[in-house]
Amino acid sequence: MKVLISVDLEGISGIVHPTETNPDRYDYERGRALMTAEANAVIAGVLDAEPDAVVWVADAHGPFRNILPEDLDRRARLVRGKPRPLGMLAGLDEQTDAVLLVGYHARAGAGPAVLAHTISDAVLDVRMAGRSFGEIGLNVAMAGHLDAPVVLLSGDDTACAEFSELVPSAVTVAVKQTLGQAAAVALHPQEARERLRHAAADAIAQRASIPVAKMAGPLGVEVDLYGPYMVDLATLVPGVTRVGGGRTVAFHAVDVAEAYRLVQLLVQLASIKPG
């Protein structure tokens, strides 16, 4: 079987502040080491349950170059760098039997939640078919489009609750209890890793009973952007229109895959500074 583990950084145990997630800040090296260790715990759990599984790990935070390759479990394949197809789910395909989301965070506007946002600070909200989606929802929907069940998520308790609304029967591991945007009560990293290893093995063992989250197209999509300059750029994309003269742009997608790709593009455009 093929398993994809997508690893973000904000939902790793002990992480509470941007200095621990930003490559330009002083505490980032500690953050990426903690991220790599939690990825290893999940790899070990997957292989405890399925020793012959092919395990891919997608580095899914910021520059997608955070996990320390030399410290990652050698039994896994690492997907790193950007831009790349499917972003946080790079490596996902029709042969993927299960997806695990590790170190994830709640969507923009959720709270209290540690380091909550949706892809970028430029994005205030993403709605598909009228429902608000953060990174958790977008990735669950994209995995479902390719018939892959998302069987596990780890992060703070708010992220776990967000995921459970989408896939109630899947496994969650709350490695910290949120106190706010930059504060939490966290498990010791070693305790978090032990729980993750056991939970990953359980999730893989029971994957057949966890439904695939499907979302039928066509889809109406709205994206709320932080600033008017970002909206100006977004509306240069064919099919993207401004809604009501404000911060919202909208488009129609034939399916989840098209919506996912176009949201990624809008986020990249929103990162361009006025020149």
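Using this note's numbering, you'd call the opening residue of the sequence shown number 36 and step up by one each time. Glycine included, each C-beta is placed from N, C-alpha and C at the ideal position.
Status (buried if at least 16 other CB within 10 Å, exposed otherwise) for residue i
i: ASP62; result: exposed
i: LEU124; result: buried
i: ARG184; result: According to the sequence as given, residue 184 is Pro; it is not Arg. It is buried - the Cβ of PRO184 has at least 16 other Cβ atoms within 10 Å.
i: LEU127; result: buried
i: SER48; result: buried
i: GLY281; result: exposed
i: GLU129; result: exposed
i: ILE307; result: exposed
Same chain only: Cβ atoms within 7 Å of residue i, ignoring 5 sequence neighbours per side
i: GLY116; result: PHE99, ARG100
i: LYS211; result: SER48, VAL149, ASP191, ALA219, VAL220, ALA221, LEU222
i: GLU226; result: none
i: PRO224; result: SER48, GLY49, LEU69, ALA72
Sequence-distant residues of its chain with Cβ nearer than 6 Å to residue i (five each side left out)
i: ASP83; result: ALA236
i: GLY274; result: PHE286
i: HIS152; result: ALA143
i: PRO309; result: TYR264
i: PHE168; result: VAL161
Beta bridge counterpart(s) of residue i as assigned by DSSP
i: THR276; result: ALA285
i: LEU39; result: TRP91, VAL134
i: ASP160; result: ASP259
i: SER167; result: ARG162
i: SER155; result: THR153
Assumed close pair residue i, residue j - CB separation to whole angstroms, cut-off 8 Å
i: VAL90; j: VAL81; result: 6 Å
i: LEU173; j: TYR261; result: The pair is not a contact, with the Cβ atoms about 18 Å apart (cut-off 8 Å).
Close beta carbons around residue i, own chain, < 8 Å, minus the five adjacent residues each side
i: ARG242; result: ASP132, ALA133, PRO184, VAL186
i: ARG232; result: ALA76, VAL77, ALA79, GLY80, ASP83
i: PRO253; result: HIS287, ALA288, VAL289, ASP290
What runs of the beta strand (DSSP E), each 3 residues or longer, lie entirely inside the region 65-109?
-> 89-94
Secondary structure, beta strand (DSSP E): runs of 3+ residues fully inside the region 177-222 | 185-191, 206-215, 218-221
Can you give, in chain order, each stretch of the beta strand (DSSP E) that sits fully within the region 106-148 and has at least 3 residues?
-> 111-114, 131-139
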